[in-house]
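Colleague: Order-wise, the sequence lines are chains A and B.
Residue numbers 1 to 878, in the working numbering, belong to the letters of the first sequence in order.
Residue numbers 1001 to 1098, in the working numbering, belong to the letters of the second sequence in order.
All C-beta atoms in this analysis are idealised placements derived from N, C-alpha and C, irrespective of residue type, glycine included.
Quantities reported herein were computed from a predicted structural model and do not represent experimental measurements.
Supplied in structure tokens, the structure appears directly below.
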Amino acid sequence: MSWIRNLLSRRRIDRDIADEIQAHLDEKVDSLVAQGLSRERALLAARREFGNVAHYQERGRDVWRWRPVEEFFADLRFALRQLRKAPAFTLAGVLTLALGIGANTAVFSVVDAVILRPLPFPDSDRLVSVQSRARNGRADSLSYPTFFDFRGRNRVFEHLVCFRDTEMGLSGAGAPVELSGQIVSWDLFAALRVRPAAGRGFLPEEEKSGQRGVVLSHRLWAERFSADPSIVGRSIDLDRQPYTVVGVAPRGFNFPIGSRTVQFWTTLAVDAASATGTPITEQRGARLLDAVARLKPGISPGRAKAAMDAIAAALARQYPDENKNVPATVVVPEIEAVVGDTRPPILILLGAVGLVLLVACANMANLLLARTAERQREFALRSAIGAGGGRLVRQLLVEGLTLSAAGAAAGILVAAGCLRAAARLAADSIPRIEQAAIDGRVLVFSVGLAFATTVLFSLAPAYRIARARLIAPLKQSSAGAVAGKDRLRNALVVFQIALGLVLLSGAGLLASGFLHLMRRDPGFQPRGLVSFSVSLPQALQRGTKHLDFDNRLLDRLASLPGVASAATTSTLPLAGHQMTISFNVEERPSAPSEHPACEMAFVSPEYFQTVGIRLLEGRLFTEADDGQSPPVLVVNRAFADKFFPGERVPGKRIEPGAAANHTRMGMREIVGVVGNARQDSLGAAPDPIYYYVAKQLPWCCGSYVVRTSGSPLALESSVRSVVASLDSGAPVYGVRTLDDVLSAGIAGPRFHALLLGAFALIALALTAVGLYGVLTYSVLTRTREIGIRVAMGARRGDVLRMILKEAGVLVGAGVAIGVAGARAGNRLAADIAPAAAIPQPALLFLACGVILAAAALAAWFPARRAASVDPMTALRGE
Amino acid sequence: MMLLRTLQRQPLHGYALVQHIKRASGDLLQIEEGSLYPALQRMLKDGMLKAHWGLSSTGRRVRIYQITPAGTKHLDREVSSFDRMLEGIRLVLTPEES
Chain A
1 MSWIRNLLSR
11 RRIDRDIADE
21 IQAHLDEKVD
31 SLVAQGLSRE
41 RALLAARREF
51 GNVAHYQERG
61 RDVWRWRPVE
71 EFFADLRFAL
81 RQLRKAPAFT
91 LAGVLTLALG
101 IGANTAVFSV
111 VDAVILRPLP
121 FPDSDRLVSV
131 QSRARNGRAD
141 SLSYPTFFDF
151 RGRNRVFEHL
161 VCFRDTEMGL
171 SGAGAPVELS
181 GQIVSWDLFA
191 ALRVRPAAGR
201 GFLPEEEKSG
211 QRGVVLSHRL
221 WAERFSADPS
231 IVGRSIDLDR
241 QPYTVVGVAP
251 RGFNFPIGSR
261 TVQFWTTLAV
271 DAASATGTPI
281 TEQRGARLLD
291 AVARLKPGIS
301 PGRAKAAMDA
311 IAAALARQYP
321 DENKNVPATV
331 VVPEIEAVVG
341 DTRPPILILL
351 GAVGLVLLVA
361 CANMANLLLA
371 RTAERQREFA
381 LRSAIGAGGG
391 RLVRQLLVEG
401 LTLSAAGAAA
411 GILVAAGCLR
421 AAARLAADSI
431 PRIEQAAIDG
441 RVLVFSVGLA
451 FATTVLFSLA
461 PAYRIARARL
471 IAPLKQSSAG
481 AVAGKDRLRN
491 ALVVFQIALG
501 LVLLSGAGLL
511 ASGFLHLMRR
521 DPGFQPRGLV
531 SFSVSLPQAL
541 QRGTKHLDFD
551 NRLLDRLASL
561 PGVASAATTS
571 TLPLAGHQMT
581 ISFNVEERPS
591 APSEHPACEM
601 AFVSPEYFQT
611 VGIRLLEGRL
621 FTEADDGQSP
631 PVLVVNRAFA
641 DKFFPGERVP
651 GKRIEPGAAA
661 NHTRMGMREI
671 VGVVGNARQD
681 SLGAAPDPIY
691 YYVAKQLPWC
701 CGSYVVRTSG
711 SPLALESSVR
721 SVVASLDSGA
731 PVYGVRTLDD
741 VLSAGIAGPR
751 FHALLLGAFA
761 LIALALTAVG
771 LYGVLTYSVL
781 TRTREIGIRV
791 AMGARRGDVL
801 RMILKEAGVL
811 VGAGVAIGVA
821 GARAGNRLAA
831 DIAPAAAIPQ
841 PALLFLACGV
851 ILAAAALAAW
861 FPARRAASVD
871 PMTALRGE
Chain B
1001 MMLLRTLQRQ
1011 PLHGYALVQH
1021 IKRASGDLLQ
1031 IEEGSLYPAL
1041 QRMLKDGMLK
1051 AHWGLSSTGR
1061 RVRIYQITPA
1071 GTKHLDREVS
1081 SFDRMLEGIR
1091 LVLTPEES
């Protein structure tokens, strides 16, 4: 690599050569003067005998140079100068490449992380998800007894493992903190074939009531226990109960796969030991488990499903009351269960972004063709004064590469920015997205494609230049532009316009659906509401003790400055479906398996007023509604409309299947009807729900919700100190404003709308640039024709119209094709779009308008240029 | 070849080298003096010469060239092939003795 050293020491070499030549001349002059010449004549003579000083200096320097590199740098400098001289072209080119490469890389990286990458477990293709299938076709969770039967009776799985979310307070290791965990059956680690980093997985006997074993996540172990290996076998306090640490999960292990980071795993022994009433491990109706299984060798998911269906059917016959509604199963590969609903929207995005890349390449082609056409004279001139064809081609190549390199660099920035934005926007709505990183292969592919396009379309005209009669453009006209090439370019533009329209109308559909969601009345007043939970110690969870705690807490909260009211509830608005419990209607009794069912919640009397749910009929709960008074319920409008359509509801009586141990089941009177608060931020219709007053159903433990007139989150520290003053060890967790909950609920649609919207904008910009390129090219090649027209008396307006008409034909064709494409595309987009507020034809019309406006803008500049052609210059120039 | 041969006798700087060659050839060789320098640079790069800054007889700061072992070897090779070439030419030009 001596040439590198030479490059570095070049300056010294140059100086040495110059110095010694100067010394030579001086000495010569001296000796000539000594021979009697005057100094001037001596100087001239010395020069004459020496020859061309600059020439020999240059030749001397050349010895040290590595020519190809030198010339490359010269070309590069020249290319940069050329690009700087045409800022519009450069900007358009770099932007085109950056958007094409960036968007494509980012989206494909997401697709890879979310959909394509297998689950991070050995032989993960043998893992399946197992659920019940209800008679209405919906997948449903399993109850413990059903799970035990599935596990015991099946012959198709090596392991069948159940799991469910839980939260527990860790105390005694730093400040108390709420941990998110999973309650699992014993063989989770065996089923996943994951070996713990320290200790072991669970043993079968650790499922028995009274056993308390826990496996910590690697991160929790590192952060809370300073990665101390001796933790295994020691005891830690979860919810103030001692648990023995049996193992530590390997670094990066997370199960179930999803956006939630699990910090510990414990066995279903927790659920087997219940302080109140029947443990849920014995309640066949309590369906709250998910399950994952490893197929035995040679068993397909289909065969496994058939076997499990037979077991489910037998259970439905055996336990008609609880299992009649779930007589079948759903067995799908675990990866599908994880990726689930996110597959169609992501594939649509992938399609959209692939099209964007195509548009970008088409655009580069157009831009470069136009640019080379523009510079044909320059090339002809340079070739006429001695530049070889190879030299010109090489220069074009370097220019193309410089442009692609700038575009690729910008593209990488765009991709990185997009990924960060996507991960934030998608929030919890897309599993695994946080693992998305710029994918090397895709980047190489996109950049390679961009380079290839650029180089190809730089060289195609260059080749022609190098081969053709070079003088022709100089002395002749450019009127003989090749018609075939124009057709290709026009087709490219038509294609771009059509594509832009498809993307734009799809984006419009998603955006309008999203706006509709945003503007929809949630049925309560989220502004100023803060909710949080408290992890109560076991002692307080027994019986009705937590009610006293709640009373004291609510009193103190209500007396905080700025707080209007405070309440507890088992189910916050927008929290999704929490508890569905069936009930019997007094006036039309039915068998238990035929009972209607819907969402239920228990709340404190102040709940409705705190959250801002209006009373429509009857009355709300009061402090007088307690364990001694007649049992009452409040229902929402949707409940009244569904179960008592057209009737006056207060006074009706139903018997729900939920009770606390010291209260009895029985008929309860509905005393009031309230407005519908949305349970589900995306659902089209409000869900029916009925409310217990907490004192008549003292189940532990609800969330707390506080309405404040001040800044909601500023309330957090006072909430913490109030809770600490009541029970110093109880961690407060999940502090969120209802506004946040509201916006998190629509993160999915927002993500889709923004992403597709971004693509539509990109496509629109590219289309405009493409149209601009084609028209500019056309105007340039027709300069002489236009000149003649003007000379023959055509007015500026006529020329302007002529060019705009040319644009109009292209745009018209593009829009026509685009409308057909958009109708097909919208059917796809409708799958992921929330119900739209604006009808589709109107949206399509709007999209056409936007495209036309962009096209008009893009056509205006070349048309202006054509109109300003000076006939004299144009004709003389030819 | 001439340069190397000259420098083999003694290290010289550029001007002295030109004078030396002119003198040695009896002013038969009329070359532009400047053409010397690219040739010197080439040999410097190829390692046949080395150079250092010194003082000339007139007290000027000049660059003095010196032949290296590689240069000597190259010279020997060149001289012998040149000799062979001359010999060949001589044989062709000499009238055949019958």
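#1: Return helix, strand or coil for Ser1057(B), following the three-state DSSP convention.
#2: Would you report the Cα separation of Ala481(A) and Thr453(A), rounded to the nearest angstrom?
#3: Using a Cβ-Cβ cutoff of 7 Å, what residues of the stretch 6-26 of chain A are near chain B? List them in chain order.
#4: Using only the heavy atoms of the ligand GDP, determine whether one of them is closer than 8 Å to the beta carbon of Arg489(A).
#5: Thinking C-beta only, is Ala638(A) closer than 9 Å to Pro688(A)?
#6: If contacts are defined as beta-carbon pairs under 8 Å, then Phe759(A) and Val111(A) qualify, I think. What distance do you get, rounded to the angstrom?
#7: Between which two residues does the alpha helix (DSSP H) carrying Ile851(A) extend?
#8: Does DSSP put Gly793(A) in a helix, a strand or coil?
#9: Using a threshold of 9 Å, state whether the C-beta atoms of Phe621(A) and Val635(A) are closer than that.
#10: Can you name the residues that DSSP bridges to Thr454(A)?
#11: Mind checking whether Pro871(A) and Val790(A) have CB atoms under 9 Å apart?
#12: For Pro1038(B), return the contacting residues in chain A, with the cut-off set at a CB-CB distance below 8 Å.
#13: Does Arg469(A) come within less than 9 Å of chain B when only Cβ atoms are used?
#14: Taking the beta strand (DSSP E) that Met168(A) belongs to, which residues open and close that run?
#15: Please go through the same chain and pick out, in chain order, the residues whose beta-carbon is closer than 8 Å to the beta-carbon of Ala291(A), but skip the five residues on each side of it.
#16: Leaving out five residues on either side along the sequence, give the residues of the same chain with a beta carbon under 8 Å from the beta carbon of Val1018(B).
#17: Would you mind reading off the limits of the beta strand (DSSP E) that contains Ala564(A)?
#18: Using alpha carbons as the reference points, say which of Glu27(A), Leu572(A) and Trp186(A) lies closest to Glu207(A).
#19: Could you list the residues in the stretch 43-55 of chain A with a C-beta less than 8 Å from some C-beta on chain B, going in chain order?
#20: Which first and last residues belong to the alpha helix (DSSP H) in which Asn52(A) is found?
#21: Can you tell me where the beta strand (DSSP E) with Thr129(A) in it begins and where it stops?
#22: Measure the beta-carbon distance from Val706(A) to Ala601(A) and round it to whole angstroms, keeping in mind my assumption that it falls under 8 Å.
#23: Where does the unbroken alpha helix (DSSP H) through Ala437(A) begin, and where does it stop?
#24: Since Lys85(A) meets chain B, which of its residues come closer than 9 Å, beta carbon to beta carbon?
#25: Check the C-beta distance from Lys1045(B) over to Trp860(A) and give it rounded, since I have them as a contact under 8 Å.
#26: Which value, in whole angstroms, describes the spacing of the CA atoms of Leu1004(B) and Ile1089(B)?
#27: Could you say which of Leu381(A), Thr610(A) and Arg284(A) lies nearest to Tyr319(A) if we only look at CA atoms?
#28: To the nearest angstrom, how far is it from the Cα of Gly199(A) to the Cα of Asp123(A)?
#29: What are the start and end residues of the alpha helix (DSSP H) that includes Thr1072(B)?
#30: Less than 9 Å between the beta carbons of Ala365(A) and Leu492(A), yes or no?
#31: I'd like to confirm the pairing. Which residues does DSSP put opposite Gln1008(B) in its beta bridges?
#32: Please list, in chain order, all residues of the same chain as Ala1070(B) whose beta carbon is under 6 Å from its beta carbon, the five residues on each side excluded.
#33: Quick check: is the beta carbon of His1074(B) nearer than 9 Å to any beta carbon in chain A?
#34: Please report the distance separating the alpha-carbon of Glu889(A) from that of Met308(A).
#35: State the start and end residues of the unbroken beta strand (DSSP E) segment that holds Thr708(A).
#36: For Thr105(A) versus Ile497(A), is the C-beta distance shorter than 9 Å?
Modeller: So, from the listed chains and residues:
#1: Taking the first residue of the second sequence as position 1, residue 1057(B) is located at position 57. Three-state DSSP puts Ser1057(B) in coil, outside helix and strand.
#2: In the first sequence, counting from the first residue as 1, residue 481(A) sits at position 481. In the first sequence, counting from the first residue as 1, residue 453(A) sits at position 453. Confidence at Ala481(A) is low in this model, with a pLDDT of 43, below 50, so the placement of that residue is unreliable and no value is reported for it.
#3: Asp16, Ile17, Glu20, Ile21, Ala23, His24 and Asp26
#4: As presented, the structure is devoid of all ligands, the ligand GDP included, so that no description of it is given.
#5: If you number the first sequence from 1, residue 688(A) lands on position 688. If you number the first sequence from 1, residue 638(A) lands on position 638. Taking 9 Å as the Cβ cut-off, Pro688(A) and Ala638(A) qualify as a contacting pair.
#6: Reading the first sequence from its first residue, position 759 is the one you call residue 759(A). Reading the first sequence from its first residue, position 111 is the one you call residue 111(A). Not really, about 14 Å apart at Cβ, beyond 8 Å.
#7: Numbered from its first residue, the first sequence carries residue 851(A) at position 851. Gln840 to Ala867 is the extent of the alpha helix (DSSP H) around Ile851(A).
#8: Translated into the one-based positions of the first sequence, residue 793(A) becomes position 793. It is coil, neither helix nor strand.
#9: Taking the first residue of the first sequence as position 1, residue 621(A) is located at position 621. Taking the first residue of the first sequence as position 1, residue 635(A) is located at position 635. No. Outside cutoff.
#10: Within the first sequence, numbered from 1, the residue matching residue 454(A) stands at position 454. None, per the DSSP bridge assignment.
#11: Walking along the first sequence from the start, residue 871(A) turns up at place 871. Walking along the first sequence from the start, residue 790(A) turns up at place 790. Result yes, Cβ atoms of Pro871(A) and Val790(A) sit closer than 9 Å.
#12: Against the second sequence, residue 1038(B) aligns to sequence position 38. Result: Tyr56, Arg59, Gly60, Asp62 and Val63.
#13: As a working note, residue 469(A) is residue 469 in the first sequence. Residue placement at Arg469(A) is flagged as unreliable, the pLDDT there being 48, under the threshold of 50; a coordinate-derived value is accordingly withheld.
#14: Taking the first residue of the first sequence as position 1, residue 168(A) is located at position 168. Met168(A) -> beta strand (DSSP E) spans Phe157 to Ser171.
#15: Within the first sequence, numbered from 1, the residue matching residue 291(A) stands at position 291. Result list for Ala291(A): Ser129, Val130, Gln131, Leu142, Phe147, Phe150, Leu160, Val161, Cys162 and Phe163, in chain order.
#16: On the second sequence, residue 1018(B) is found 18 positions in, with the first residue counted as 1. The residues are Glu1033 and Leu1036.
#17: Position 564 of the first sequence, counting from 1, holds the residue named residue 564(A). Here the beta strand (DSSP E) through Ala564(A) covers Val563 to Thr569.
#18: Start at 1 with the first residue of the first sequence, and residue 207(A) comes out as number 207. The candidate whose alpha carbon is nearest that of Glu207(A) is Trp186(A).
#19: Glu49, Phe50, Gly51, Asn52, Val53 and His55
#20: If you number the first sequence from 1, residue 52(A) lands on position 52. Per DSSP, Asn52(A) belongs to no alpha helix (DSSP H) and is neither H nor E.
#21: Working through the first sequence from its first residue, we reach residue 129(A) at position 129. The question names Thr, but residue 129(A) in the sequence shown is Ser. That run of the beta strand (DSSP E) goes Leu127 to Arg133.
#22: Reading the first sequence from its first residue, position 706 is the one you call residue 706(A). Reading the first sequence from its first residue, position 601 is the one you call residue 601(A). Not really, about 18 Å apart at Cβ, beyond 8 Å.
#23: Residue 437(A) sits at position 437 when you count from the first residue of the first sequence. Run containing Ala437(A): none; DSSP gives neither H nor E here.
#24: As a working mapping, residue 85(A) is identified with position 85 in the first sequence. Simply none; closest approach about 36 Å.
#25: Position 45 of the second sequence, counted from the start, is the residue given in the question as residue 1045(B). Position 860 of the first sequence, counted from the start, is the residue given in the question as residue 860(A). Actually they are not in contact, since the Cβ atoms of Lys1045(B) and Trp860(A) sit about 60 Å apart, beyond 8 Å.
#26: Walking along the second sequence from the start, residue 1004(B) turns up at place 4. Walking along the second sequence from the start, residue 1089(B) turns up at place 89. Answer to the nearest angstrom: the Cα atoms are 23 Å apart.
#27: Here residue 319(A) corresponds to residue number 319 of the first sequence, with the count starting at 1. Minimum Cα distance to Tyr319(A) is reached at Arg284(A).
#28: Taking the first sequence and counting its residues from 1, the one referred to as residue 199(A) is at position 199. Taking the first sequence and counting its residues from 1, the one referred to as residue 123(A) is at position 123. So the alpha carbons of these two residues sit roughly 23 Å apart.
#29: Here residue 1072(B) is taken as the residue at index 72 of the second sequence, counted from 1. From DSSP, the alpha helix (DSSP H) with Thr1072(B) extends over Pro1069 to Leu1093.
#30: Within the first sequence, numbered from 1, the residue matching residue 365(A) stands at position 365. Within the first sequence, numbered from 1, the residue matching residue 492(A) stands at position 492. It is a contact, given that the beta carbons lie within the stated cut-off.
#31: As a working note, residue 1008(B) is residue 8 in the second sequence. Beta-bridge pairing links Gln1008(B) to no other residue.
#32: Position 70 of the second sequence, counted from the start, is the residue given in the question as residue 1070(B). Closer than 6 Å at the Cβ level, and outside the excluded window around Ala1070(B), lie Gly1047 and Met1048.
#33: Along the second sequence, one-based indexing puts residue 1074(B) at 74. Chain A, which has no Cβ nearer than 9 Å to the Cβ of His1074(B), makes this no.
#34: In the structure as shown, chain A starts at 1 and stops at 878, and residue 889(A) therefore has no counterpart that could be examined.
#35: Locating residue 708(A) in the first sequence gives position 708, where the first residue counts as 1. Looking at the DSSP string, the run of the beta strand (DSSP E) that includes Thr708(A) is Ser703 to Thr708.
#36: For the purposes of this step, residue 105(A) is identified with residue 105 of the first sequence, where counting begins at 1. For the purposes of this step, residue 497(A) is identified with residue 497 of the first sequence, where counting begins at 1. The answer is no: Cβ separation not under 9 Å.
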